[in-house]
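Below is one structure; the comments refer to it alone.
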Amino acid sequence: MASLQPRLATGASYVLVLLLLTLGLLSTPVAADGRGMLGLGKWLYKPFCAHACRGVIGSSKLTCDPKVAINGSTTSSSTDSHVHSKRHTHEVLNTEECYLQDAAFLRTLALCIAERCPRDDDIGVSVIEDYWAGHVATGSVGNWDLVPLMSYQDALRYAHEDVQEVGEDKMPYAESGEALNTTSLIREEDYLPGYNGRKYFERNEWDHGRNGLALAMSSIFLPVLLSLLRFLPGRPLWYSRLVNLLEKPLVGHRHRTPIVADLGIMPTRGQSLYLVYLITTQVFLSIFPLVWISPNSFAATRVEHYMMVIGDRSGVTCMANFVALFLFSSRNNALLWITNWSHATFLLIHRWIGYCLIFEVSIHSLLLFILHLNFYGDHPTESKMPYWIWGIVGTLALIFLWPASILPIRKKAYEFFLVFHQVFAALSLIATFLHIYYLFEYNWGYEIWVYIAGGIWFLDRVIRVARMVSNGYRTAVVSAIDDDAGYLRVGIDGIAAEGHVYLYFPTLSWKFWENHPYSVLSSFMGGAPTKASDPGSHDQEKVSTTTDSISETSPDATIRPHTTLLLRTMDGFTKVLTTRLLASASRRITIPVIVESSYHANPAIRNLSHCSSLLCIAGGVGITAVLPLLKGFTGVHSRLEWGVRSDSLVRALEPELTALTRGAGAAVVNTSIGQRLKIVDIVREELEKESDKGDLGIVVCGPNSMADDVRAVVAELGPKAKRGIVFVDEAFSW
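According to mature numbering (1 follows the signal peptide of the UniProt record, and there is no 0), the stretch in the sequence shown is residues -32 to -1, 1 to 702, in order.
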């Protein structure tokens, strides 16, 4: 188990880098008020009263005259920019310079602020002056480089002088959308809808941000919290029984074997509980809370308001799901080592998060389309804007990912699925970023979700490259085990690996990026030479496959690290590799290889360390995953049950099987050729052994039907067993 420490350090480093990336992005200063994102350090309208006052007269046509409309005082010029609000408008009525210097606008705004803001709590003069310094020209997006012609106090003083000169009862009232050329009052019925709209719109935006964070954090940290149960002192028997009960498929007895015309995988009971939580929180946090108040300038009716809130919120929750979506699909997912959950489980959750994300982005696009078409009436112009076009691109990219990722496609055209998946996932991220940028630029922090997802993707690739570079460019020796090359042996010098590795054969075809995972049959770390365990055997190919059989060398020689893998010929690049092998007269070829190692599909194998006995059930080339476990097991008793179709595999692995039966920790090895294993009898026999009192480790690696049979037996017998069971399904699935 000491060999696990480097990988645990790698996982911890991964989490630390990801955490620092997230915190760094949330604290990055941007153009708008605050840091981070809305609801998490940023705000839209502070204070609401001032923004509501400006909202009434912001759409008025100004004369841009720095001279005061009533008493004739003069002022000087300022800078320029343009207006932008959260519920955006692309029509520029006045320049920013005009807002900064127009006397009627500044005095009318100051008069309204002085009258309305005292109604709100905690609105001091400093808050108003901060607003005045950065928002007079721009609205909701503050810019403190644009300084108004006069201070708030000066504008208010001039406004009061205007009121005294004309008389309060004779003061004109500002009309939204009409020309504003004199100091005016603002009616309550014009002010209140804007105040309510901004106050509750910001509250909803804050809820969007918090809901998104809750989704992202709970999706990631709930598995961590649940996995802490495995640290219960003494691993009580009830915990083992509960785990075994949850390992059963939710419906029926098939988990690894696809269901419903190969369209999907039935989750286990434990996985289903997490998925129920996931879907429930996705639905709830994409809708609630819903708060409505009238009058409201942002939404005239309750229906329009709810459509706006759910449409916007589903867009935010969709982006928040990027975090878990990319993390769970990565090879270097730190949660594998933190939680002990299998890679297959995280891929299953990845797919379901993807389903939720596609549904949410569809709801977001549909509701915003209806709003702009039927309520705002600006669809003809908005649909031509860059943000709208990139929003459509992002939505379609995510939607198209689903039909191209269903199980039949993954099985029949895996390489197509992989390339399509990567390209369209990248396209969806880019389109999402551009959608946000063209709509809000960097003002509200929505782009942070894209940064985090992209950072996870990039970090995973960096670690992959680091793994490959650490192994270097190697040469693989490929040979056939049987006459028709149905099974291949791959030996790689200079590398010591465990678990499974990803192999790249860059010269095998023009698709140099193709890679696939394979279990390591055996590996030797290298060091001083030793005598062969069987002096009569000089078959170089056989002795290179095991750490226990090393060919005789000179006393001064050094044994190089060596890794051996066993491959079953299937479609894809193993078929191309086999074709090249069969074309060789020696039925043995050497080919350049790049190795990305080492990985474990199921880190739960670490739990086997406290088991007193170990039962490994393998089918076919599944033997490659369990042999290293049997060799390293230090418990009292170990047993291997291997079902295989052809005796060629048995002959090829005879040295390894023989080595298992020797020594103090000898294992019981049973091989069944051409016959199904009696799974129920095998498991029951091990559970009922009186001599073994500790936990029983059960590892299965083989065909889907075999794995499902073992799982069903464990789920049936485990909850009633008198000893604990640690069940490990050592499988790699997509």
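Cβ coordinates follow ideal geometry from the N, Cα and C atoms, glycine included.
Taking the C-alpha atoms as reference points, what is the distance between L339 and Q390?
-> Mapped onto the sequence shown, residue 339 falls at position 371. Mapped onto the sequence shown, residue 390 falls at position 422. If you take the alpha carbons of L339 and Q390, they lie about 33 Å apart.
Along the chain, where does the beta strand (DSSP E) that runs through R548 open and close?
-> Position 580 of the sequence shown, counting from 1, holds the residue named residue 548. Segment F541 to L550 is the alpha helix (DSSP H) holding R548; no beta strand (DSSP E) there.
E622: CB within 7 Å of a non-hydrogen atom of the ligand NAD | Absence of the ligand NAD is noted for the structure shown, with no ligands found whatsoever.
Under 8 Å between the Cβ atoms of C21 and L77?
-> Stepping through the sequence shown from its first residue, residue 21 is reached at position 53. Stepping through the sequence shown from its first residue, residue 77 is reached at position 109. Yes. Within cutoff.
Please go through the region 404 to 488 and give each complete alpha helix (DSSP H) segment of 4 or more residues, from N-terminal end onward.
-> Taken in chain order, the complete alpha helix (DSSP H) segments of 4 or more residues contained in the region 404 to 488 are 415 to 439.
Three-state secondary structure (DSSP) of M5 | As a first step, residue 5 is located in the sequence shown; it is residue number 37 there, counting from the start. Residue state, collapsed to three classes: strand.
Best match in D450, D33 and Y99 for proximity to Q69 [C-alpha to C-alpha] = Here residue 69 is taken as the residue at index 101 of the sequence shown, counted from 1. The option with the nearest alpha carbon to Q69 is D33.
Three or more C-beta pairs closer than 8 Å, one from the region 556 to 567 and one from the region 589 to 607: is that the case here?
-> No, because fewer than three Cβ pairs between the region 556 to 567 and the region 589 to 607 fall closer than 8 Å, the two stretches do not touch.
Of the residues L617, T602 and R691, which one's Cα is nearest the Cα of G587?
-> Here residue 587 refers to the residue found at position 619 of the sequence shown. Minimum Cα distance to G587 is reached at L617.
CA-to-CA distance, D428 to R109, given in whole angstroms | As a first step, residue 109 is located in the sequence shown; it is residue number 141 there, counting from the start. As a first step, residue 428 is located in the sequence shown; it is residue number 460 there, counting from the start. A small fix is needed here, since residue 109 is Val in this sequence, not Arg. If you take the alpha carbons of V109 and D428, they lie about 36 Å apart.
A586 - DSSP class collapsed to helix/strand/coil = Locating residue 586 in the sequence shown gives position 618, where the first residue counts as 1. A586 falls in the strand class under three-state DSSP.
If you count every other CB in all the chains shown that lies within 10 Å of the CB of M493, and 16 or more means buried, which is it?
-> Numbered from its first residue, the sequence shown carries residue 493 at position 525. The residue is exposed, with fewer than 16 neighbouring Cβ atoms inside 10 Å.
H403 and Y355 look like a contact to me (Cβ under 8 Å); what is the Cβ gap, rounded to whole Å?
-> Looking up residue 403 in the sequence shown gives position 435. Looking up residue 355 in the sequence shown gives position 387. With 8 Å as the limit, H403 and Y355 qualify as a contact, their Cβ atoms being about 5 Å apart.
For Y567, which three-state DSSP category applies?
-> Within the sequence shown, numbered from 1, the residue matching residue 567 stands at position 599. Strand, per DSSP.
Touch check for the region 317 to 329 and the region 202 to 221: three-plus C-beta pairs under 8 Å?
-> no
Look at the Cβ atom of I585, then the Cβ atom of I527, and state whether they are nearer than 8 Å.
-> Reading the sequence shown from its first residue, position 617 is the one you call residue 585. Reading the sequence shown from its first residue, position 559 is the one you call residue 527. No, they are not a contact pair.
Taking V612 as part of the beta strand (DSSP E), name the residues at either end of that continuous run.
-> Residue numbering aside, residue 612 sits at position 644 when the sequence shown is read from its first letter. Taken as a continuous stretch (DSSP letters only), the beta strand (DSSP E) holding V612 covers H605 to V612.
The region 237 to 250 / the region 130 to 146 touching (three or more Cβ pairs under 8 Å) | Counting Cβ pairs under 8 Å, fewer than three are found: no touch.
Indicate whether the contact test is met: 3 or more Cβ pairs, each with one atom in the region 442 to 458 and one in the region 533 to 553, closer than 8 Å.
-> yes
Out of W412, C669, L407 and T592, point me to the one whose CA is closest to Y455's CA.
-> As a first step, residue 455 must be located in the sequence shown, where it is residue number 487. Cα-wise, what sits closest to Y455 is T592.
Nonlocal neighbours in the same chain, by C-beta distance under 6 Å from S640, ignoring five residues either side | Working through the sequence shown from its first residue, we reach residue 640 at position 672. Taken in chain order, the residues that qualify are G611.
Contact check, L253 vs T285 under 8 Å by CB: the rounded distance?
-> Numbered from its first residue, the sequence shown carries residue 253 at position 285. Numbered from its first residue, the sequence shown carries residue 285 at position 317. Correct: roughly 6 Å between the Cβ atoms.
Alpha carbon to alpha carbon, what distance is there between G7 and L335?
-> Here residue 335 refers to the residue found at position 367 of the sequence shown. Here residue 7 refers to the residue found at position 39 of the sequence shown. In a straight line, the C-alpha of L335 is about 22 Å away from that of G7.
Can you give the Cα-Cα distance for R679 and S673, rounded to whole angstroms?
-> Translated into positions along the sequence shown, residue 679 becomes position 711. Translated into positions along the sequence shown, residue 673 becomes position 705. Using only the alpha carbons, I get a separation of about 10 Å.
Mark N342 as exposed unless 16 or more other C-beta atoms lie within 10 angstroms of its C-beta, in which case mark it buried.
-> Start at 1 with the first residue of the sequence shown, and residue 342 comes out as number 374. Burial call: exposed.
Residues in its own chain within less than 7 Å of L366 by CB, not counting five upstream and five downstream?
-> Looking up residue 366 in the sequence shown gives position 398. For L366, where only same-chain residues beyond five positions count, the Cβ hits under 7 Å are L325, I326, V329 and S396.
What runs of the alpha helix (DSSP H), each 4 residues or longer, lie entirely inside the region 181 to 249?
-> 205 to 214
According to DSSP, is I154 helix, strand or coil?
-> If you number the sequence shown from 1, residue 154 lands on position 186. In the three-state DSSP reduction, I154 falls in the coil class, being neither helix nor strand.
Give the range of the beta strand (DSSP E) segment to which D697 is assigned.
-> In the sequence shown, residue 697 corresponds to position 729, counting from 1. Counting along the chain, the beta strand (DSSP E) containing D697 begins and ends at I693 to D697.
Any idea what DSSP makes of I91, helix, strand or coil?
-> The count along the sequence shown starts at 1 and reaches residue 91 at position 123. In the structure shown, I91 sits in coil (DSSP, three-state: anything other than H, G, I, E or B).
Who are the near neighbours of Y168 in its chain, counting only those whose CB is closer than 6 Å to its CB and skipping five residues on each side?
-> If you number the sequence shown from 1, residue 168 lands on position 200. Excluding residues within five positions, the ones whose Cβ falls inside 6 Å are V259 and I261.
If you compare alpha carbons, which of V251, L214, A18 and Q250 is closest to P235?
-> Start at 1 with the first residue of the sequence shown, and residue 235 comes out as number 267. Among V251, L214, A18 and Q250, the Cα nearest to that of P235 belongs to L214.
Apart from the five residues on each side of it in sequence, which residues of its chain come closer than 6 Å, Cβ to Cβ, to G467?
-> If you number the sequence shown from 1, residue 467 lands on position 499. Within the same chain, G467 has close Cβ partners S566, Y567 and H568.
Beta-carbon proximity of Y472 to L533, cut-off 8 Å = Start at 1 with the first residue of the sequence shown, and residue 472 comes out as number 504. Start at 1 with the first residue of the sequence shown, and residue 533 comes out as number 565. Taking 8 Å as the Cβ cut-off, Y472 and L533 do not qualify as a contacting pair.
Is it right to say N300 is buried, meaning 16 or more other beta carbons lie within 10 angstroms of its own, or is it exposed?
-> Walking along the sequence shown from the start, residue 300 turns up at place 332. So N300 ends up on the buried side.
D663 to Y207, Cα distance in whole Å?
-> Here residue 663 refers to the residue found at position 695 of the sequence shown. Here residue 207 refers to the residue found at position 239 of the sequence shown. Computed Cα separation, rounded: 12 Å.
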